[in-house]
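Visitor: Submitted below is the structure of interest, expressed as structure tokens.
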Amino acid sequence: MSRLSKIQAILKNKELDALLVTSPYNLRYVSNFTGTTGLALITQEQAFFITDFRYTKQAADQAKGFEIVRNNGPIFDEVKKIVESKGLIQLGFEDTHVSFRSFDQLETMLDCDLIPSSGIVEELREIKDESEIAIIKKACEIADAGFKYILDYIKPGVSEIEIANKLDFHMRELGATGVSFETIVASGYRSAMPHGVASEKLIEQGDFVTLDFGCYYNGYVSDMTRTVSVGEPLPKLKEIYKIVLEAQLKVLEEAKAGMTGIEVDRIARDVISSYGYGDYFGHSNGHGIGLEIHEGPNTSQKAPKKLVVGNVITNEPGIYLDGIGGVRIEDDLIITATGNEILTHSTKELIIL
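Counting in this note's numbering, the sequence shown runs from 75 upward without gaps.
Shown next, in the form of structure tokens:
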């Protein structure tokens, strides 16, 4: 069943006449459209893609199964015409993506009920098909190659931002279209900052350096973290590295379909807590990735949803000690019929540069 057919089946089940898709990520998922201006109106029987003259040819080539509608004036004017011509009464809209101003416009213009319907497309996106998995694997290959490359540039006297820039540019040279998020390079005391994006701080002898990065490839992301040491690290840092690695490997060993996000998170959390560092692991153990760097499903203390085959999630436990440093080790993995398959393959043994 096509993505479009799945959405139309959901609309029938929910007794919605149509769904207005405005999220650019959801738009790409349902239509394959990669332009920057457009929206989709999907009814139980038809699908319309509305865009302006700049993208009508591109939409016709990419949005198979959609009737292409060109808007010469405000794009919502075309939505109104379709709603009226089709007699739509219950129109779902993506309430987490629509601004208050846009909602106000729609409510004023349309003579139908606007039904908050975020999550319809997002839930479909959580289960990746073979083509999506192949793309994500390529994005992970680029990230792995980027990590191998950047190790030669991590040395005392080099700034975090220099390292981040070299890594970002190299991933582009390998085919990435961009970075998944602002690259994190956090060294020394800054490695205790889980989201310590690269700064002007210079690398020093004895620093732990945490690199959290990824890239976009053909619309899909990778996301990995490795922590390395510049010279011999403090014994305390070696201790927490060993613990985080144990927790991370335990998740890789046990994560499988049917487990809830809470259960997966607990695997890593129990290991870290058993060593007395539970209070220093403050974030969730992972999240879904795909068209966005953060999407469902999550693996956290507040994620009761069960994993299913086709979910692609991160596995990223960490320990962070203020004033000393921190460790995070992260891989991307896909949930399979037999457990899980790791997609990022850089070594996780402690590298001492």
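Using N, Cα and C, we set each Cβ at its ideal position, and we do this for glycine too.
Could you please give the first and the last residue of the uninterrupted beta strand (DSSP E) stretch that includes residue 399?
Guide: Taking the sequence shown and counting its residues from 1, one reaches residue 399 at position 325. Residues 399–402.
Visitor: For residue 130 and residue 123, I'd like the C-alpha separation in whole angstroms.
Guide: Within the sequence shown, residue 130 is the residue found at index 56, counting from 1. Within the sequence shown, residue 123 is the residue found at index 49, counting from 1. Spanning the alpha carbons of residue 130 and residue 123 requires a straight line of approximately 9 Å.
Visitor: Report the residue ranges of all alpha helix (DSSP H) runs contained in full by the region 328–390; include only those spanning at least 4 residues, in chain order.
Guide: Entirely contained in the region 328–390, the alpha helix (DSSP H) runs reaching 4 residues are, in chain order, 335–348.
Visitor: In whole angstroms, what is the alpha-carbon distance linking residue 209 and residue 91?
Guide: Walking along the sequence shown from the start, residue 209 turns up at place 135. Walking along the sequence shown from the start, residue 91 turns up at place 17. Computed Cα separation, rounded: 33 Å.
Visitor: Could you give the C-beta distance for residue 189 and residue 166, rounded to a whole number, given that I count them as a contact under 8 Å?
Guide: Along the sequence shown, read from residue 1 onward, the residue named residue 189 stands at position 115. Along the sequence shown, read from residue 1 onward, the residue named residue 166 stands at position 92. Correct: roughly 5 Å between the Cβ atoms.
Visitor: Following the continuous alpha helix (DSSP H) through residue 157, name the residue where it begins and the one where it ends.
Guide: As a first step, residue 157 is located in the sequence shown; it is residue number 83 there, counting from the start. It spans 149–160 - the alpha helix (DSSP H) in which residue 157 sits, taken as one unbroken run.
Visitor: If we ignore side chains and look at the alpha-carbon of each, how far apart do residue 381 and residue 250 end up?
Guide: Counting from one through the sequence shown, the residue named residue 381 turns up at place 307. Counting from one through the sequence shown, the residue named residue 250 turns up at place 176. Taking the straight line from one Cα to the other gives about 29 Å.
Visitor: For residue 206, does the count of other Cβ atoms within 10 angstroms reach 16, so buried, or fall short, so exposed?
Guide: Sequence index remark: in the sequence shown, residue 206 carries index 132 (1-based). The C-beta of residue 206 has 16 or more other C-beta atoms within 10 Å across all chains shown, which makes the residue buried.
Visitor: What whole-angstrom Cβ distance do residue 317 and residue 393 have, given they're in contact under 8 Å?
Guide: As a first step, residue 317 is located in the sequence shown; it is residue number 243 there, counting from the start. As a first step, residue 393 is located in the sequence shown; it is residue number 319 there, counting from the start. About 6 Å separates the two Cβ atoms, so the contact holds.
Visitor: Can you grab the Cα-Cα spacing for the pair residue 104 / residue 407, in whole Å?
Guide: Along the sequence shown, read from residue 1 onward, the residue named residue 104 stands at position 30. Along the sequence shown, read from residue 1 onward, the residue named residue 407 stands at position 333. Cα to Cα, the separation comes out at about 24 Å.
Visitor: If you draw a straight line from the C-alpha of residue 216 to the C-alpha of residue 182, how long is it?
Guide: Taking the sequence shown and counting its residues from 1, one reaches residue 216 at position 142. Taking the sequence shown and counting its residues from 1, one reaches residue 182 at position 108. Rounded to whole angstroms, residue 216 to residue 182 spans 48 Å at the Cα level.
Visitor: Buried or exposed: where does residue 261 fall if 16 or more other Cβ atoms within 10 Å of its Cβ makes it buried?
Guide: As a position in the sequence shown, residue 261 is number 187, starting the count at 1. Residue 261 comes out buried.
Visitor: Identify the residues that DSSP records as bridge partners of residue 95: which are they?
Guide: Position 21 of the sequence shown holds residue 95. Answer is 114.
Visitor: Cα separation between residue 416 and residue 158?
Guide: The residue labelled residue 416 in the question sits at position 342 within the sequence shown. The residue labelled residue 158 in the question sits at position 84 within the sequence shown. Distance between the alpha carbons of residue 416 and residue 158 is about 50 Å.
Visitor: Does DSSP put residue 249 in a helix, a strand or coil?
Guide: Counted from its first residue, the sequence shown places residue 249 at position 175. The answer is coil: DSSP assigns residue 249 none of H, G, I, E or B.
Visitor: DSSP three-state label for residue 418, please.
Guide: The residue you call residue 418 lines up with position 344 of the sequence shown. In this structure, residue 418 counts as coil in the three-state DSSP scheme.
Visitor: So, using beta-carbon positions, are residue 403 and residue 422 closer together than 8 Å?
Guide: The sequence position of residue 403 within the sequence shown is 329, counting from 1. The sequence position of residue 422 within the sequence shown is 348, counting from 1. Yes, they are a contact pair.
Visitor: Quick one, which of 278, 389, 363 and 284 has its alpha-carbon nearest residue 238's?
Guide: By one-based count along the sequence shown, residue 238 stands at place 164. Closest by alpha carbon: 284.
Visitor: When the Cα of residue 334 is compared with those of 361, 323 and 345, which residue comes out closest?
Guide: The residue you call residue 334 lines up with position 260 of the sequence shown. Answer by Cα proximity: 361.
Visitor: Let me know the secondary structure DSSP gives residue 108 once reduced to three states.
Guide: Numbered from its first residue, the sequence shown carries residue 108 at position 34. Three-state DSSP puts residue 108 in coil, outside helix and strand.
Visitor: Tell me the DSSP secondary structure of residue 183 in three-state form.
Guide: Within the sequence shown, residue 183 is the residue found at index 109, counting from 1. Correct three-state label for residue 183: helix.
Visitor: When DSSP labels each residue in this structure, what does residue 120 get in the three-state scheme?
Guide: On the sequence shown, residue 120 is found 46 positions in, with the first residue counted as 1. Coil.
Visitor: Cα separation between residue 179 and residue 221?
Guide: Here residue 179 refers to the residue found at position 105 of the sequence shown. Here residue 221 refers to the residue found at position 147 of the sequence shown. Cα to Cα, the separation comes out at about 47 Å.
Visitor: Taking C-alpha atoms, which residue in 88, 128 and 396 lies nearest to residue 267?
Guide: Residue mapping note: residue 267 aligns to position 193 of the sequence shown, counting from 1. Answer by Cα proximity: 396.
Visitor: Within 8 Å of any Cβ in chain D, is that where the Cβ of residue 241 sits?
Guide: No chain D appears in the structure shown, which is made up of a single protein chain.
Visitor: Going by DSSP, which residues form a beta bridge with residue 298?
Guide: Along the sequence shown, one-based indexing puts residue 298 at 224. According to DSSP, which records beta bridges pairwise, residue 298 is partnered with 287.
Visitor: Just how far apart, CA to CA, sit residue 169 and residue 191?
Guide: Translated into positions along the sequence shown, residue 169 becomes position 95. Translated into positions along the sequence shown, residue 191 becomes position 117. Between residue 169 and residue 191, the C-alpha separation is close to 7 Å.
Visitor: Closest to residue 425 by C-alpha separation, out of 351, 81, 374 and 224, would be which residue?
Guide: Position 351 of the sequence shown holds residue 425. Distance from the Cα of residue 425 is smallest, within the candidate group 351, 81, 374 and 224, for 224.
Visitor: Pick out whichever of 324, 314, 142 and 368 has its Cα sitting closest to the Cα of residue 352.
Guide: As a position in the sequence shown, residue 352 is number 278, starting the count at 1. Answer by Cα proximity: 314.
Visitor: Applying the criterion that 16 or more other CB atoms from any shown protein chain within 10 Å of the CB defines a buried residue, is residue 212 buried or exposed?
Guide: As a working mapping, residue 212 is identified with position 138 in the sequence shown. When all chains shown are included, residue 212 counts as buried.
Visitor: Alpha carbon to alpha carbon, what distance is there between residue 389 and residue 414?
Guide: Counted from its first residue, the sequence shown places residue 414 at position 340. Counted from its first residue, the sequence shown places residue 389 at position 315. The straight-line gap separating the alpha-carbon atoms of residue 414 and residue 389 is approximately 11 Å.
Visitor: Using 8 Å as the threshold, is the region 130–150 in touch with the region 100–120, meaning 3 or more CB pairs across them?
Guide: yes
Visitor: With DSSP run on the structure shown, which of helix, strand or coil describes residue 141?
Guide: As a position in the sequence shown, residue 141 is number 67, starting the count at 1. Of the three classes helix, strand and coil, the one that applies to residue 141 here is strand, per DSSP.
Visitor: Give a yes or no on whether the C-beta atoms belonging to residue 363 and residue 195 are separated by under 8 Å.
Guide: Here residue 363 refers to the residue found at position 289 of the sequence shown. Here residue 195 refers to the residue found at position 121 of the sequence shown. Result no, Cβ atoms of residue 363 and residue 195 do not sit closer than 8 Å.
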